[in-house]
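Asks:
2 protein chains.
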Amino acid sequence: MYKSEQLAQHLKQLIENKTWKAHEKLPSLRQQVERSGFSLITVMNAYQELEAQGLIYSKEKSGYFVAENQHDSAEKHVAINHKIEINSIVFKYLKSIQSEQIIPLGSAFPNSQLLYSAKLIQTLGQLAKQRRSYEQTPSLPPGNYELRKIIAQRYAMQGIPTDPSDIVITSGGLDALNLSLQAMTQSGDYILLQQTLFYGAWQAAERLGLKVITIPEHPVDGIDLEAFEQAILNYPIKVCLMMLNSQNPIGFTVSDEIKLRLAKILHRHQIHLIEDDVYEELYYGNKKPLSMKYFDQQNLILHCSSFSKTLGAGFRVGWVYAGKYSENIQHIQLMSTLSVNSFIQNALVEYLSHRHYEKHLKTLRSTLQRLKKQYFNYLNTHLPTQCTVDYYPSGYFLWIELPEYLDSTLIYQRLLEKKISVAPNILFNATMQNKNHIRINCSFEINTRIQTALEHLIEDLQQQIDLHLEQHE
Amino acid sequence: MYKSEQLAQHLKQLIENKTWKAHEKLPSLRQQVERSGFSLITVMNAYQELEAQGLIYSKEKSGYFVAENQHDSAEKHVAINHKIEINSIVFKYLKSIQSEQIIPLGSAFPNSQLLYSAKLIQTLGQLAKQRRSYEQTPSLPPGNYELRKIIAQRYAMQGIPTDPSDIVITSGGLDALNLSLQAMTQSGDYILLQQTLFYGAWQAAERLGLKVITIPEHPVDGIDLEAFEQAILNYPIKVCLMMLNSQNPIGFTVSDEIKLRLAKILHRHQIHLIEDDVYEELYYGNKKPLSMKYFDQQNLILHCSSFSKTLGAGFRVGWVYAGKYSENIQHIQLMSTLSVNSFIQNALVEYLSHRHYEKHLKTLRSTLQRLKKQYFNYLNTHLPTQCTVDYYPSGYFLWIELPEYLDSTLIYQRLLEKKISVAPNILFNATMQNKNHIRINCSFEINTRIQTALEHLIEDLQQQIDLHLEQHE
């Protein structure tokens with residue numbers, strides 16, 4: 001056994017037998033060197049090992065502290081991830097499904113035939129002919145003023161008073177998340193994510209070298225507020241990043257009541273939230289679900305959204321409601337992406353100034369609703385009884401739960417050989433605690449090609465289940 | 001005096017009296033703690049202070065080393081910058097000159113009336129009408145294949161064998177620089193820049209937390225090869241970032257002979273170079289200057305360029321010749337900007353597939369040459385005799401040298417009150433060693449507005465010089 005392991009073992013006992021209590025400060029590295037007689041390197045390695053095990057946590061310039069007892073918190077399933085490594089997996093996945101030959105059930109993007117409305121294309125066509133559409137210089141942060149004004153008006157219509165100066169235009173929604181996260185954190189900070197969440201959030205955490213605390217989903221409320229508050233109390237969390245509306249990949253939308261309670265917790269602890277709300281417009285009901293931003297009285301929430309899911313992801317135009325963090329975000333933007341294509345911003349201003357967008361959204365919503373119902377009915381009828389799928393009235397994803405003994409990554413790999421893509425768990429959960437879910441994109445009309453793909457999926461699941469049952473008879 | 005200062009003072013003497021020789025390893029922190037009796041924090045602070053003074057340097061996982069004696073290297077003016085803080089200055093500057101009311105002599109962008117050719121706008125107009133121009137999903141890294149193929153062919157025509165897979169499309173040239181630098185470095189690494197260089201390079205260094213070694217310009221060769229090789233020998237430089245063609249802001253183009261010698265030094269020491277070559281097409285002569293990439297036999301050079309200076313900066317389309325670093329750069333891209341507007345990429349493919357681009361470039365070059373000559377002749381005739389301006393046959397910048405007692409930042413501020421912008425030294429030199437230069441954009445036709453601006457500039461300079469001479473009579 002290495003010396004550092006010896007020391008770590010010894011310290012672990014002190015924590016487990018509660019000689020050292022939760023949130024108690026550990027001896028400094030220097031003190032520990034003197035106390036233990038081990039070298040500085042040995043002490044550092046031991047502390048880092050304990051941190052990796054989630055037994056202690058570090059605060060910048062303050063040292064190390066005992067984490068909440070694992071047993072105490074186990075019932076709430078708060079998990080710590082010290083080093084995120086998901087980008088390579090996502091990279092390989094996206095490359096594997098990129099070809100047009102692949103049936104895109106695993107795609108993150110809505111069927112493009114439902115986007116890029118005729119009016120939008122007409123607007124782009126007309127503007128593209130005109131020299132004045134190409135601004136003299138690229139639009140600097142925070143982006144096109146008219147576009148920010150229109151976005152601000154849309155917030156205002158939802159009961160969120162907004163000034164154009166609150167908005168920063170970004171290169172799509174992912175850029176909005178990245179910039180917000182970078183503005184609020186430094187390498188080594190703790191952030192909080194939902195346990196199962198859009199891979200872009202995990203990638204951003206990896207890029208910025210952040211430690212991730214996760215809270216589990218709640219079967220009814222969507223978000224487990226008790227686990228959430230406990231995580232906030234137990235860890236020095238700099239910022240949370242969550243999806244509350246049409247959550248990707250699961251699909252649920254958190255109720256207004258839960259959102260209000262979440263807002264109260266945020267305010268009570270003065271915790272910031274980056275709200276990823278890119279599916280906000282894809283609700284099926286009569287009333288648009290409120291964003292968390294609606295409940296924000298103290299500028300604690302950075303609301304990120306984009307036109308990628310409603311007009312087209314190829315435009316790369318998103319935004320963040322940055323409020324008082326606007327200048328900070330612009331500074332980071334100036335050092336990285338600089339600005340957003342100015343022609344597209346001009347074209348969006350022209351298009352959004354008319355009623356086209358609302359009409360387009362209405363059509364888009366009803367089409368997605370019709371398609372999702374069709375997929376749901378089909379899957380609900382034909383999936384093996386051991387699989388379940390929930391219907392949530394928004395967006396274009398279905399999240400299929402498989403028996404626990406199935407590994408969705410293997411299912412993805414086998415279907416890919418048949419030129420069919422599905423999105424496995426591994427993309428949405430860097431902790432890899434659960435592997436028995438797949439996400440299905442249901443924004444494509446069920447033609448022969450899609451029908452065949454669904455049949456292959458169901459057949460593969462049935463085979464794997466049968467195989468398992470045979471082996472365990 | 002703090003303990004750490006005491007210790008630093010003591011160690012400094014050991015270095016200065018050559019008890020410790022250049023590149024000798026210092027005692028480890030732990031050894032120094034034992035040897036000196038000071039605490040770990042004190043020793044760390046002392047080492048960091050010596051590093052900040054450039055007396056020692058650090059190598060990751062290897063410890064601290066004595067730097068080349070300052071006296072020995074002083075004649076070559078190699079400088080170290082441990083913490084770059086330029087972004088806020090650039091941010092304020094760009095915001096201050098953004099209004100269309102401001103006469104844009106300080107702009108970095110070429111006059112947009114010379115870009116966005118009629119044929120290009122026609123192409124955009126035709127494609128924008130067509131649904132097929134909007135790809136199904138955003139084009140993932142490395143970007144549109146056809147566009148990469150065209151770019152690869154253009155390299156091949158210049159004698160640089162290139163495969164489309166060598167190229168990664170980026171959101172403009174600045175994104176190309178940022179991605180390349182991020183792929184090649186980690187926070188705390190040393191990089192080498194030219195002493196006076198485009199602010200984007202400094203901003204990238206700041207963003208990534210890099211230490212910057214600078215080498216001075218050479219009055220004849222452009223780059224001082226002796227200083228360059230000395231810097232490489234003296235510091236653990238991870239990568240260099242330089243402009244060799246139509247250097248921004250100075251304007252010089254390094255000769256083929258010097259480039260070949262530079263390439264030999266790079267190869268001898270196996271040092272990577274990120275070559276910022278965004279002005280490559282704006283030469284006035286009959287033959288396009290070679291890029292450093294041309295001399296690269298070992299894939300040590302990442303060549304960055306863009307369409308911003310020839311077709312329009314609003315498009316945000318650049319690229320990097322990444323070669324074997326392509327996948328690494330794509331990984332970083334997937335975690336940050338994700339992709340580049342797919343419609344614009346499609347439109348560029350269409351436009352570049354015909355001979356329009358070459359014709360457009362020919363017109364652009366001759367227009368810029370005519371304008372630069374006009375500006376140069378005017379300034380050379382009317383500037384106070386204490387000011388000098390050199391004519392380099394490329395690009396659209398003139399770099400005016402003022403008497404050393406003038407501060408270009410004050411000149412910029414005074415002219416801004418008259419709604420005239422000029423670009424002061426401070427934007428191009430984070431060390432702020434020189435303050436007596438301004439950059440003038442000469443891509444605008446000399447109409448009454450520009451004429452008045454030039455007169456105001458000359459008048460201000462004359463007044464300041466007169467004032468100085470009066471005070472020092």
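Taken in order, these protein sequences are the chains called A and B. Going by this note's numbering, the first residue of the first sequence is number 1, and it counts up by one from there. Going by this note's numbering, the first residue of the second sequence is number 1, and it counts up by one from there. Ideal Cβ placement from N, Cα and C applies to all residues, glycine included.
(1) What do you get for Gln32 (chain A), buried or exposed, if any count of 16 or more other CB atoms within 10 angstroms of its CB means buried?
(2) Does chain A have any CB closer than 7 Å to the CB of Asn341 (chain B)?
(3) Where does Thr337 (chain B) sit, in a helix, a strand or coil, going by DSSP?
(4) In the structure shown, what three-state DSSP assignment does Arg414 (chain A) receive?
(5) Whose C-alpha, out of A:Glu455, A:His382 and A:Cys442, is nearest the C-alpha of Lys418 (chain A)?
(6) Counting contacts by CB-CB distance shorter than 7 Å, is Lys129 (chain A) in contact with chain B?
(7) Given Ser165 (chain B), which residues of its chain have a CB within under 7 Å of its CB, disregarding the five upstream and five downstream residues?
(8) Identify whether Asn81 (chain B) lies in helix, strand or coil by the three-state DSSP scheme.
(9) Taking 7 Å as the threshold (C-beta atoms), are Arg439 (chain A) and Ala423 (chain A) in contact?
(10) Kindly provide the ranges of any beta strand (DSSP E) runs that are 3 or more residues long and lie completely inside the region 127-170 of chain B, ordered along the chain.
(11) Quick check: is the beta carbon of Ile121 (chain A) nearer than 7 Å to any beta carbon in chain B?
(12) Over what stretch of residues does the beta strand (DSSP E) that includes Lys476 (chain A) continue unbroken?
(13) Between the Cα of Gln433 (chain A) and the Cα atoms of A:Ser39, A:Lys18, A:Leu105 and A:Val78, which residue gives the shortest distance?
(14) Using only CA atoms, which one of B:Met242, B:Leu233 and B:Thr170 lies nearest to Pro216 (chain B)?
(15) Return yes when the Cβ of Lys119 (chain A) is within less than 7 Å of the Cβ of His356 (chain A), no when it is not.
(16) Go through its chain and collect everything with a Cβ distance to Glu75 (chain B)'s Cβ below 8 Å, but skip five positions before and after it.
(17) Buried or exposed: which applies to Gln471 (chain A), given that a residue is buried once 16 or more other Cβ atoms fall within 10 Å of its Cβ?
(18) DSSP state of Lys18 (chain B), grouped into three classes?
(19) Would you please state the rounded distance, in angstroms, between the beta carbons of Ile169 (chain B) and Val317 (chain B)? I believe it to be under 8 Å.
(20) When DSSP labels each residue in this structure, what does Ile103 (chain A) get in the three-state scheme?
(21) Could you name each continuous alpha helix (DSSP H) segment of 4 residues or more that falls completely within the region 207-267 of chain A, going from the start of the chain to the end?
(22) In the DSSP assignment, the alpha helix (DSSP H) including Leu302 (chain B) goes from what residue to what residue?
(23) What do you reckon, are the CB atoms on Ser171 (chain A) and Val349 (chain A) nearer than 7 Å?
(24) Classify Met157 (chain B): buried if its beta carbon has 16 or more other beta carbons within 10 angstroms, exposed otherwise.
(25) Does any C-beta atom of chain B lie closer than 7 Å to the C-beta of Met335 (chain A)?
(26) What does a CB cutoff of less than 8 Å around Leu383 (chain B) pick up in its chain, not counting 5 residues either side in sequence?
(27) If you draw a straight line from the C-alpha of Gln48 (chain B) to the C-alpha of Ile56 (chain B), how long is it?
(28) Apart from the five residues just before and just after Asn45 (chain B), which ones in its own chain have a Cβ nearer than 6 Å to its Cβ?
(29) For a contact defined as C-beta to C-beta under 7 Å, what are the partners of Tyr116 (chain A) on chain B?
(30) Using a Cβ-Cβ cut-off of less than 9 Å, give me the residues of the region 153-183 of chain A that come near chain B, in sequence order.
(31) Starting from the C-beta of Tyr283 (chain A), find all residues in its chain whose C-beta is less than 6 Å away, skip the five residues before and the five after it, and write them out in chain order.
(32) Gln333 (chain A): buried (16+ other C-beta within 10 angstroms of its C-beta) or exposed?
(33) Of all Cβ atoms in chain A, is any one closer than 7 Å to the Cβ of Gly314 (chain B)?
(34) Anything in chain A within Cβ reach of Phe38 (chain B), meaning under 9 Å, just list it in chain order.
Replies: So, from the data block:
(1) In the first sequence, residue 32 (chain A) corresponds to position 32, counting from 1. Gln32 (chain A) is buried by the Cβ-count criterion.
(2) Along the second sequence, one-based indexing puts residue 341 (chain B) at 341. Chain A has a Cβ within less than 7 Å of the Cβ of Asn341 (chain B).
(3) By 1-based counting over the second sequence, the position of residue 337 (chain B) is 337. Three-state DSSP puts Thr337 (chain B) in coil, outside helix and strand.
(4) As a first step, residue 414 (chain A) is located in the first sequence; it is residue number 414 there, counting from the start. Taken through DSSP and simplified to helix, strand or coil, Arg414 (chain A) comes out as helix.
(5) Position 418 of the first sequence, counted from the start, is the residue given in the question as residue 418 (chain A). The option with the nearest alpha carbon to Lys418 (chain A) is A:Glu455.
(6) Walking along the first sequence from the start, residue 129 (chain A) turns up at place 129. Chain B places a beta carbon closer than 7 Å to that of Lys129 (chain A), counting this residue as a contact.
(7) By one-based count along the second sequence, residue 165 (chain B) stands at place 165. Cβ neighbours of Ser165 (chain B) beyond the five flanking positions: Ser326.
(8) In the second sequence, the residue the question calls residue 81 (chain B) occupies position 81. In the displayed model, Asn81 (chain B) falls within a strand according to three-state DSSP.
(9) As a working mapping, residue 423 (chain A) is identified with position 423 in the first sequence. As a working mapping, residue 439 (chain A) is identified with position 439 in the first sequence. Yes; because the gap between Cβ atoms is below 7 Å, this pair is in contact.
(10) Counting only runs of 3 or more, we get 167-170.
(11) Within the first sequence, residue 121 (chain A) is the residue found at index 121, counting from 1. Closer than 7 Å to some Cβ of chain B, the Cβ of Ile121 (chain A) qualifies, so yes.
(12) The shown model of chain A, from 1 to 473, leaves out residue 476 (chain A), and the question about it has no answer.
(13) The residue you call residue 433 (chain A) lines up with position 433 of the first sequence. If we check each option's Cα against that of Gln433 (chain A), A:Val78 comes out closest.
(14) The count along the second sequence starts at 1 and reaches residue 216 (chain B) at position 216. With respect to the C-alpha of Pro216 (chain B), the residue from B:Met242, B:Leu233 and B:Thr170 having the closest C-alpha is B:Met242.
(15) Taking the first sequence and counting its residues from 1, one reaches residue 356 (chain A) at position 356. Taking the first sequence and counting its residues from 1, one reaches residue 119 (chain A) at position 119. Yes, the pair counts as a contact, with Cβ atoms nearer than the cut-off.
(16) Position 75 of the second sequence, counted from the start, is the residue given in the question as residue 75 (chain B). Only weak support exists for where Glu75 (chain B) lies, its pLDDT of 46 falling under 50; the value from the coordinates is given anyway. Taken in chain order, the list of residues that qualify is empty.
(17) In the first sequence, counting from the first residue as 1, residue 471 (chain A) sits at position 471. With fewer than 16 other beta carbons inside 10 angstroms of its own, Gln471 (chain A) counts as exposed.
(18) On the second sequence, position 18 is the one that residue 18 (chain B) refers to. Here Lys18 (chain B) carries a coil assignment [DSSP, helix/strand/coil].
(19) Within the second sequence, residue 169 (chain B) is the residue found at index 169, counting from 1. Within the second sequence, residue 317 (chain B) is the residue found at index 317, counting from 1. The Cβ separation is near 7 Å, so the contact holds.
(20) Against the first sequence, residue 103 (chain A) aligns to sequence position 103. In the structure shown, Ile103 (chain A) sits in a strand (DSSP, three-state: E or B).
(21) At a cut-off of 4 residues, the continuous stretches assigned as alpha helix (DSSP H) that sit fully inside the region 207-267 of chain A are 225-234.
(22) In the second sequence, the residue the question calls residue 302 (chain B) occupies position 302. DSSP places Leu302 (chain B) in no alpha helix (DSSP H) but in the uninterrupted beta strand (DSSP E) bounded by Ile301 to Ser306.
(23) Within the first sequence, the letter at position 171 stands for residue 171 (chain A). Within the first sequence, the letter at position 349 stands for residue 349 (chain A). Cβ distance not < 7 Å, so Ser171 (chain A) and Val349 (chain A) don't count as in contact.
(24) Translated into positions along the second sequence, residue 157 (chain B) becomes position 157. In summary, Met157 (chain B) is exposed, with fewer than 16 beta-carbon neighbours lying within 10 Å of its beta-carbon over all protein chains present.
(25) Translated into positions along the first sequence, residue 335 (chain A) becomes position 335. For Met335 (chain A), the closest Cβ of chain B is nearer than 7 Å.
(26) Position 383 of the second sequence, counting from 1, holds the residue named residue 383 (chain B). Excluding residues up to 5 positions away in sequence, Val389, Ile400, Ile458 and Leu461 lie with their Cβ nearer than 8 Å to the Cβ of Leu383 (chain B) in the same chain.
(27) Translated into positions along the second sequence, residue 48 (chain B) becomes position 48. Translated into positions along the second sequence, residue 56 (chain B) becomes position 56. Counting only the Cα atoms, Ile56 (chain B) lies some 9 Å from Gln48 (chain B).
(28) Working through the second sequence from its first residue, we reach residue 45 (chain B) at position 45. Once the five neighbours on either side are set aside, the close Cβ partners of Asn45 (chain B) are Ser4.
(29) Residue numbering aside, residue 116 (chain A) sits at position 116 when the first sequence is read from its first letter. Correct list: Arg131 and Tyr134.
(30) From the region 153-183 of chain A, only Ser171, Gly172, Leu174, Asp175 and Asn178 have a Cβ closer than 9 Å to chain B.
(31) Within the first sequence, the letter at position 283 stands for residue 283 (chain A). Closer than 6 Å at Cβ, skipping near neighbours: Pro289 and Ser394.
(32) The residue labelled residue 333 (chain A) in the question sits at position 333 within the first sequence. Burial call: buried.
(33) Taking the second sequence and counting its residues from 1, one reaches residue 314 (chain B) at position 314. Yes - at least one Cβ of chain A is within 7 Å of the one on Gly314 (chain B).
(34) Residue mapping note: residue 38 (chain B) aligns to position 38 of the second sequence, counting from 1. Phe38 (chain B) does not reach chain A, its nearest Cβ partner there being about 11 Å away, counting only Cβ pairs nearer than 9 Å.
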